[in-house]
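Once you know that position 43 of the sequence shown is 31 in the working numbering, the rest is easy, because the numbers rise by one and skip nothing. Step one of this worksheet: look at the structure below.
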Amino acid sequence: AFYLNAINEKKVNAIQNMVIEHPESPVNKGNIICKLIEHGHIALTKQSFTETRHGKKTKKEITEKQYHQILKNEFNIF
């Protein structure tokens, strides 16, 4: 979620530490590759590919072969 309210650096640092260090945080489990696309964004991890278009989110589990194919086809990473 995004907010327009101003927050101070101490609060931002606390949030960042929680995201990075909390054992249940999905962010600290590995790399997440994200890209803005027309009408949304896509995100890729070793385990899943998530696409959000026009506010509709779809997430699918992927194989290692699919991971490398999506890296190439969607993110232009070879």
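All C-beta atoms in this analysis are idealised placements derived from N, C-alpha and C, irrespective of residue type, glycine included.
Spatial distance of residue i from residue j (CA atoms)
i: Ile69; j: Ile(-5); result: With the chain covering only -11 through 66, there is no way to say anything about residue 69.
i: Ile20; j: Gln57; result: 15 Å
i: Thr38; j: Val7; result: 19 Å
i: Glu9; j: Tyr(-9); result: 23 Å
i: His27; j: Gln54; result: 23 Å
Three-state class that DSSP yields for residue i in the structure shown
i: His42; result: coil
i: Leu(-8); result: coil
i: Lys48; result: strand
First and last residue of the uninterrupted alpha helix (DSSP H) at residue i
i: Gln54; result: 52 to 63
Bridge partner(s) assigned by DSSP for residue i
i: Phe66; result: BP columns for Phe66 are empty, so no partner.
Can you list, in chain order, the stretches of the beta strand (DSSP E) that have 3 or more residues and sit fully within the stretch 0 to 27? 21 to 25
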